[in-house]
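Novice: A single structure is presented below for examination.
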Amino acid sequence: MKISLRLIDDQYPAKPIAETRKVARVFAFNPEGKLAIHLVSRDDIFGKQSYRESPGGGVDAGESFEMAAIREAKEELGAKITLLEELGSCVDFYNLIGRKNENRFFLARIDGYPYGKHACSSGDTLISRTDYLTGEEALEAYQNMDDWGVSKLVKQRELPFLRQAIKRMGAYLRDKR
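If you're matching positions, the sequence shown starts at 876 in this note's numbering and goes up one per residue.
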């Protein structure tokens, strides 16, 4: 069953929505069953924080969510992926910048790393590193994130989809053996 969430931003004062951004996010796992999870570090209008986030980003004009998820994995991980299923969707808000986000999350298998990583957006430059974590390690990393600011907003958006990805990826790992 796909997840469907609508979350509010209770961390920053409300502003009128000036922009709606479509976002594709992917929980991608390697043959060892480890998930690619970014460590994002920032010191900007959202504050100084480090937090975990799945690979992903904006859907470009003319792209589907699926196409964007594949492109984002190529850009941020240098990976060729196969999308296995859509985990669901989440509408959330960043009051501080007046933005509504329409996110879709996917589960994917990493088939290899034929591409070099490259930063294509300002958001990509915030990625400190990408770790490959077991499901348990990924859950612990997300649960240990700060419960304030943008870290809390990302955590409340991503944690339900991470749990679903961990549950579902076992079936795909068994199929490959």
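Glycine included, each C-beta is placed from N, C-alpha and C at the ideal position. Computed from a prediction, not measured in an experiment: that's the story for all the values here.
1) Taking the alpha helix (DSSP H) that LEU982 falls in, what are its first and last residues?
2) Alpha carbons only, please: which of ILE1002, SER925, ALA948 is nearest the one belonging to VAL1025?
3) Could you please give me the residues that DSSP links to LEU880 through a beta bridge?
4) Assuming ARG896 and ASN976 make a contact with CB atoms under 8 Å, what is their CB distance in whole Å?
5) Taking the alpha carbon of ILE878 as the reference point, which residue from PHE904, LEU962, LEU958 has its own alpha carbon closest?
6) Where does MET876 land, buried or exposed, given buried means 16+ other C-beta within 10 angstroms?
7) Kindly indicate which three-state DSSP category ALA1016 falls into: helix, strand or coil?
8) Suppose the cutoff is 6 Å on Cβ atoms and the five residues either side in sequence are ignored; what does the same chain contact list for GLY922 look like?
9) Using a Cβ-Cβ cutoff of less than 7 Å, which residues in the same chain neighbour LYS909 once the five nearest sequence positions on both sides are dropped?
10) Looking at the strands, I want to know which residues DSSP matches up with SER925.
11) Buried or exposed for GLN1078, going by 16 or more other Cβ atoms inside 10 Å?
12) Could you check whether the region 1037-1052 touches the region 940-947, counting it as contact only if at least three pairs of C-beta atoms, one from each stretch, sit closer than 8 Å?
Specialist: This is what the structure holds:
1) As a position in the sequence shown, residue 982 is number 107, starting the count at 1. Where LEU982 is concerned, there is no enclosing alpha helix (DSSP H), although the beta strand (DSSP E) it sits in stretches over 974-987.
2) Taking the first residue of the sequence shown as 1, we reach residue 1025 at position 150. Considering only alpha carbons, the answer is SER925.
3) What you label residue 880 is simply residue 5 of the sequence shown in a count that begins at 1. DSSP output for LEU880 lists CYS965 as bridge partner(s).
4) Here residue 896 refers to the residue found at position 21 when the sequence shown is read from its first residue. Here residue 976 refers to the residue found at position 101 when the sequence shown is read from its first residue. Going by Cβ atoms, the distance from ARG896 to ASN976 rounds to 5 Å, so yes, they are a contact pair.
5) In the sequence shown, residue 878 corresponds to position 3, counting from 1. Looking at the Cα atoms, LEU962 is the closest of the given residues.
6) As a working note, residue 876 is residue 1 in the sequence shown. Result: exposed.
7) Translated into positions along the sequence shown, residue 1016 becomes position 141. Annotated three-state conformation of ALA1016 is helix, per DSSP.
8) Sequence index remark: in the sequence shown, residue 922 carries index 47 (1-based). Contacts found: GLY1024.
9) The residue you call residue 909 lines up with position 34 of the sequence shown. TYR1007, LEU1008, THR1009, listed in sequence order.
10) Stepping through the sequence shown from its first residue, residue 925 is reached at position 50. SER916.
11) No answer is possible for residue 1078: the residues shown for the chain start at 876 and end at 1052.
12) no
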